[in-house]
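Below you'll find the structure, written out as C-alpha cells, and then a few comments.
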Amino acid sequence: MAAAGNSGAEGKHSIPPANSPSVITVGGYDDKNDLDPSTIDLYHSNFGPTADGTVKPEIIAPAMWVAAPILPGTELYEKAETLSRVLAVPDYELGKLGRELAAKLQIPDQILRAGAATTRAFLESVLSEQKIIAAHYQHVDGTSFAAPIVTSIVAQMIEANPKLTPAGIKNILISTAHRIAHASVLRQGYGVVDARQAVSLAKTDTHQWQAIVGGPPRVEDGKVLFFFYGDQAKSVSLAGEFNGWDSNKTRLQKDEQGMWRTAIAAPPPGLYHYKFVVNGEWWLEDPTNGMKAPDGYGGLNSVLIIK
Numbered sequence: 067m068a069a070a071g072n073s074g075a076e077g078k079h080s081i082p083p084a085n086s087p088s089v090i091t092v093g094g095y096d097d098k099n100d101l102d103p104s105t106i107d108l109y110h111s112n113f114g115p116t117a118d119g120t121v122k123p124e125i126i127a128p129a130m131w132v133a134a135p136i137l138p139g140t141e142l143y144e145k146a147e148t149l150s151r152v153l154a155v156p157d158y159e160l161g162k163l164g165r166e167l168a169a170k171l172q173i174p175d176q177i178l179r180a181g182a183a184t185t186r187a188f189l190e191s192v193l194s195e196q197k198i199i200a201a202h203y204q205h206v207d208g209t210s211f212a213a214p215i216v217t218s219i220v221a222q223m224i225e226a227n228p229k230l231t232p233a234g235i236k237n238i239l240i241s242t243a244h245r246i247a248h249a250s251v252l253r254q255g256y257g258v259v260d261a262r263q264a265v266s267l268a269k270t271d272t273h274q275w276q277a278i279v280g281g282p283p284r285v286e287d288g289k290v291l292f293f294f295y296g297d298q299a300k301s302v303s304l305a306g307e308f309n310g311w312d313s314n315k316t317r318l319q320k321d322e323q324g325m326w327r328t329a330i331a332a333p334p335p336g337l338y339h340y341k342f343v344v345n346g347e348w349w350l351e352d353p354t355n356g357m358k359a360p361d362g363y364g365g366l367n368s369v370l371i372i373k
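In short: position in the sequence shown from 1, add 66, done, that's this note's numbering.
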C-alpha cells in the first residue's frame, strides 16, 4: 500500500514506491465533511501512467477532513487542550480564564475587553484555523492519511479471511470500489473504497488467487491467457483491437473455482487495447492489468503488450 502523493494539481505522476506495479496506490477524495455522497469530489492526488504504462492510483480514500490525533507533547497538543478547556467554561468565567491564559493563547487585549461573546468567537476561529476538532484531535489532509485508511480495511479483510493473498486483496478492493460519476476516471482509478463491501466479500472469498491471478494477461506457448473474476457475471467475453472489437467472437469460460478465463492466439508484436464485456452490456477494463489508456468515451481501455 502506498500513498499516491499530493501534487496532482501540478500534473505530477506518482513516484516510488507509489509507481510500482505491485503496490496498491491510494489517491484521495474530498467529501466536504458531508455524509451526502453527491458532494464527493477528487483530491489533488498524483495520477497518471508510470514509465511502464501502469496507471495510478488504483483506488481512492478520504484525504480531507480526516480526524487524527495530535502528537502528544507538542505545542499544538498543549494549545488544543487549553483551547478546549477554556471554551468549555460558561461566559461568566470566560473573561477571567481568558486573561489568565491570554499570553499562552495569544488573545489580544481588545478581544478580552470586548466581552465573553467576542472572546469566544475569537477562540473558536483559532480552533478552525488550526483544524482542531477536539481536545486532542485535528483535521488532517493528504494521501498519507488516505493510504492508512485502506490499510486498516485490508487488516479487517485478513481478519475475516486469513487465507486471502495479496492478489485476492487487491481484486476485492478494486471490484467493490465505486467510481465518482462526474470525475476523471484516470484520476480515481476504480473509485472510492467501500469498506463494508470489501470485508463482506473477503469473508466468503474462496478463489485460489495465487494460482490463477498474478497480473496482466500473459503469453504461454504462443497463446495469450486472460482471466476475469466476477461472481455476479453470467457471461463474459473479450473485445479488443486483436479481434475487431467483436464482443461475440471470444467468450470466456468459468472454471470450477469461479474464475472466467480464455486464451487467444498471440497477435503480432505491438500494443492492443481491449475490454471485457460482462453480461453482454458492461464494457470493463481488465482489473488485473494496470496498463491502461483512455478509450475516448470518458473511460479506460486495458492495454496488452506483445513483444
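Ideal placement from N, C-alpha and C gives every residue a C-beta, glycine not left out. Computed from a predicted model, the values in this text were never measured in an experiment.
Just to confirm before moving on: does the CB-CB distance between residue i and residue j stay below 8 Å?
i    : j    : result
G71  : T209 : yes
N237 : P353 : yes
A221 : A69  : no
L318 : W326 : yes
M357 : P282 : yes
G462 : I125 : Any property of residue 462 remains undetermined from this structure, which presents the chain solely from 67 to 373.
R165 : L178 : yes
K122 : S191 : no
V89  : A127 : no
Y338 : L366 : no
Q196 : H273 : no
Assuming residue i and residue j make a contact with CB atoms under 8 Å, what is their CB distance in whole Å?
i    : j    : result
A243 : V258 : 6 Å
Y340 : G306 : 3 Å
A261 : I219 : 5 Å
Could you name the residues of the same chain whose beta carbon sits closer than 8 Å to that of residue i, not counting the 5 residues immediately before and after it, in chain order?
i    : result
I330 : K289, V290, F292, L304, F308, N309 and T316
V285 : L291, A332 and I372
R186 : L153, D157 and L160
R245 : V251, Q254, Y256, G257 and V258
N85  : H79, T91, T116, A117, T120 and K122
D175 : A168
Apart from the five residues just before and just after residue i, which ones in its own chain have a Cβ nearer than 7 Å to its Cβ?
i    : result
T120 : P87, G356 and M357
L163 : V152 and V155
L193 : L149
D321 : R327
W349 : K341 and V343
A268 : M223, A226, N227, L230 and I238
D271 : N227, L230, G234 and I238
G280 : In this prediction, G280 has a pLDDT of 44, which is less than 50 and means its spatial position is unreliable; what the coordinates show is noted afterwards. If we look at G280 and ignore the five residues flanking it on each side, its Cβ neighbours are A233.
To which residues of the same chain is residue i closer than 6 Å at the C-beta, ignoring the five residues directly before and after it?
i    : result
Q263 : T242
V206 : V132 and A134
E147 : A201
Can you check the stretch 152-188 for any alpha helix (DSSP H) of at least 4 residues that lies completely inside it and give the ranges in chain order?
Taken in chain order, the whole alpha helix (DSSP H) runs of length 4 or more contained in the stretch 152-188 are 157-166, 168-171 and 175-179.
I'd like the ranges of any beta strand (DSSP E) spanning at least 3 consecutive residues and lying wholly in the stretch 321-373.
Entirely contained in the stretch 321-373, the beta strand (DSSP E) runs reaching 3 residues are, in chain order, 325-331, 336-344, 348-350, 358-360 and 366-372.
Three Cβ pairs or more, each shorter than 8 Å: is that satisfied between the stretch 122-140 and the stretch 88-96?
For the pair of segments examined, the stretch 122-140 was found to touch the stretch 88-96: the number of CB pairs separated by less than 8 Å reaches three.
Assess, as a yes-or-no matter, whether the stretch 191-201 is touched by the stretch 218-229 under the definition of 3 or more beta carbon pairs within less than 8 Å.
no
Does the count of Cβ pairs from the stretch 107-115 and the stretch 71-80 closer than 8 Å reach three?
yes
Between the stretch 293-310 and the stretch 344-351, do at least 3 Cβ pairs fall closer than 8 Å?
yes
So, do the stretch 137-153 and the stretch 116-128 have three or more beta carbon pairs nearer to each other than 8 Å?
Cβ pair count under 8 Å is below three, so no.
Length-filtered (4 minimum) alpha helix (DSSP H) runs lying within the stretch 203-263
209-226, 232-242 and 251-254
Which ranges does the beta strand (DSSP E) cover as unbroken runs of at least 3 residues, wholly within the stretch 105-153, from first to last along the chain?
Here the runs fully enclosed are 125-128 and 132-135.
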